[in-house]
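Just so you know, the working numbering puts 837 at position 226 of the sequence shown, and the rest follows in order with no gaps.
By construction, the Cβ of each residue, glycine as well, lies at the ideal position given by its N, Cα and C atoms.
On a predicted model such as this, the values are computed, not experimentally measured, just so you know.
All remarks here apply to the structure that follows.
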Amino acid sequence: MAVAGVLRLSSKYFVEHLRERCLNRLDIDWPSTLAGWDRREQAATDSLGRYMPRESCPHPILVIQLALDLGINSILPAAFYDLARYGPSKIMSGAPLPPSAFDEYLLKDKSQSPSPVRIVYLPRGQLLRTLRGRERVQRYMAHFIASSLQSRAPAPDCAHSLDTDPSRPCHESFYFIMLNVLRSVGGIACGRDADTLYTLTQAMAMLSRTDFSDGQRQCGLRICQPCKVDFAACAMKAREEVWAALPKWFGLTGEDDTDETFP
């Protein structure tokens, strides 16, 4: 993590232009806006759809350590959220410290034994902060499923409201989306089980997909346009609520949300 070394030195010796460049780089990888996060996630996905964030961004534990040491609070919500997407055991197992210039020299000099890999662990307080925040993010997703999918009412201007079985195609579509969201939350679909922002994006994407199967042919959901628009607006609002709540959920605001209930 070359940026960390330059940032520490430029902060210590007041080299402001270098410090600003480092902070700008960190803000791209650990943005303070939802739009910035979406750009970062898109950049971490290759042309084949493979998601490889560690190819472009360092491990969030290293970033959290850097931010706490230097007081860079603006990148902490994104860093904690990124870390919270791992399973608890992986969060607790720490992150390997990148090799120093001396370590790389030893690797080139085959007569020398390479240094053992050093692991950086979160302090107990930050570990608890991460796990509590992860739980709150998951609770929000469970609340969204229950309130906005499980028993969702059709849009007021639903195109199927006058059918013999009113709005049945839309009810069935919401049920299908719910089942796929539950698969994602359970980690079955793609291994991003604790990534609520991604899950909500995927729920919106299902509205326009045509690669589902009814057992005989590929097709899309039979949901009407007004219900599509209504649900997409609901999911987008939920993503904005999640992003806005991250500082509070990860205990970065000093507020006590032990008894938090969702709207």
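For residue i, the residue or residues it bridges with in DSSP
i	result
residue 730	707
residue 662	656
residue 830	823
Identity of the residue in the options nearest residue i by Cα
i	options	result
residue 706	842, 686, 644, 665	665
residue 669	681, 636, 684, 787	636
residue 842	854, 818, 830, 865	818
residue 585	740, 844, 788	An answer regarding residue 585 cannot be provided, because it is not within the stretch 612 to 874 covered by the chain.
residue 613	633, 625, 622, 627	633
residue 861	736, 661, 728	736
residue 814	846, 852, 821	846
residue 683	789, 642, 660	642
residue 821	701, 731, 784, 794	784
residue 700	790, 628, 745	745
residue 730	748, 704, 691	704
residue 693	680, 655, 728, 681	655
Alpha-carbon spacing of residue i relative to residue j, whole angstroms
i	j	result
residue 857	residue 733	19 Å
residue 757	residue 742	23 Å
residue 760	residue 854	20 Å
residue 829	residue 648	32 Å
residue 763	residue 839	12 Å
residue 812	residue 618	34 Å
residue 675	residue 688	9 Å
residue 849	residue 631	33 Å
residue 773	residue 696	43 Å
residue 800	residue 661	For residue 800, the pLDDT reaches just 47, beneath the cut-off of 50, and the residue's location in the model is therefore unreliable, leaving the point undetermined.
Per-residue burial, residue i [other beta carbons within 10 Å of its own, 16 or more giving buried]
i	result
residue 620	exposed
residue 823	exposed
residue 673	buried
Could you say if the region 829–837 and the region 767–782 meet the contact criterion of at least three C-beta pairs nearer than 8 Å? They touch, by the three-pair rule.
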